[in-house]
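Counting with the working numbering, you get residues 10 to 215 for the letters of the sequence shown. Just so it is clear, CB atoms sit at the ideal spot from N, CA and C, and this is done for glycine as well.
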Amino acid sequence: MEEELRLLGEYGLRNKRELRHQETMLSEIRGIARTLLGAPEEQRARLETQYLGRLARLGLLSESASVDNILDLNVKDLMERRLQTIVFKSGLSRTIHQARQFVTHGHVSIAGQIVSVPGYFVKRDEESRVAFHARSALNNAQHPARAAPGAKRITRLIEEVAPAVPAGPVLPDVPPEIKAIVQTEQPIEILEPEEETPAETEDKQP
């Protein structure tokens with residue numbers, strides 16, 4: 010219970026449902042890894058390369074990782090890839106909770122496209138393109154809601170204006186061969202980032 014509360018506070022989650030979602034994603038990823046370890050040798054090498062590559066592109070593993078490294082992943086590793094976390098740790102917000110507000114109110118974009126889901130899973134090659142949207146008032150460095158001068162920050166160019174997009178990329182697609190081995194009814198749905206319900210969206214603008 011104490012650890013759950015600590016994670017809720019550290020990553021600015023709204024409720025335990027969001028934490029459970031991350032735990033479910035982690036369980037599914039580990040389950041696929043265990044299945045790969047038990048797969049026939051002729052299948053294993055090819056599928057390992059494919060799946061490890063996808064996890065590496067998501068920033069969960071290094072390019073040189075092995076299946077054993079998947080089993081070492083923990084829920085914090087997934088939390089670190091959430092858009093809300095990236096916004097805070099890149100210095101775009103003062104607090105993790107303010108980062109959530111910025112995202113849900115449409116101030117944050119990836120490659121110029123607005124993403125308003127705090128749990129959007131940011132790919133490795135998208136991380137450097139997280140910025141305030143070109144039309145956001147927060148582009149003004151003097152905006153009172155901006156992080157204080159001197160805060161650690163990644164300098165970013167303002168991307169060209171682009172239409173908003175819905176929820177972000179899902180975690181890696183499970184290869185058809187793995188789906189058959191795992192025998193799970195909804196492997197992809199489980200791996201999708203959570204979306205907020207209307208009741209969970211903050212009404213107060215920053």
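Residues near residue i in its chain [Cβ-Cβ closer than 8 angstroms; skip 5 each side]
i: R133; result: A65, R66, L67 and G68
i: Q93; result: Y20, G21, I105, A108, R109, V112, P127 and G128
i: R39; result: I79, L80 and L82
i: R53; result: L45 and L46
i: P49; result: none
Residue i - containing beta strand (DSSP E), residue span
i: F141; result: V139 to F141
i: V117; result: V117 to I119
Contacting residues, own chain, Cβ-Cβ under 7 angstroms from residue i (five flanking each side not counted)
i: G18; result: none
i: L28; result: E13, L16, L17 and L22
i: A146; result: H152
i: H106; result: G21
i: A74; result: L61 and A65
i: I95; result: V131, E136 and V139
i: E72; result: A65
Anticipated Cβ contact below 8 angstroms, residue i with residue j, distance rounded
i: T113; j: P127; result: 6 angstroms
i: F130; j: R91; result: 7 angstroms
i: V76; j: E89; result: With a Cβ gap of about 21 angstroms, V76 and E89 do not count as contacting.
Same chain only: Cβ atoms within 6 angstroms of residue i, ignoring 5 sequence neighbours per side
i: L70; result: L64 and N78
i: R26; result: none
i: A150; result: none
First through last residue of the alpha helix (DSSP H) which encompasses residue i
i: E19; result: E11 to E19
Contact test: residue i Cβ vs the ligand COA heavy atom, cutoff 8 angstroms
i: Q31; result: Annotation note on the ligand COA: not contained in the displayed structure, which lists no ligands.
> Between the segment 77–87 and the segment 30–50, do three or more beta carbon pairs fall short of 8 angstroms?
Replying inline: yes
> Can you give, in chain order, each stretch of the beta strand (DSSP E) that sits fully within the segment 45–110 and has at least 3 residues?
Replying inline: none
> Would you call the segment 138–147 and the segment 87–101 in contact, with 3 or more CB pairs under 8 angstroms?
Replying inline: yes
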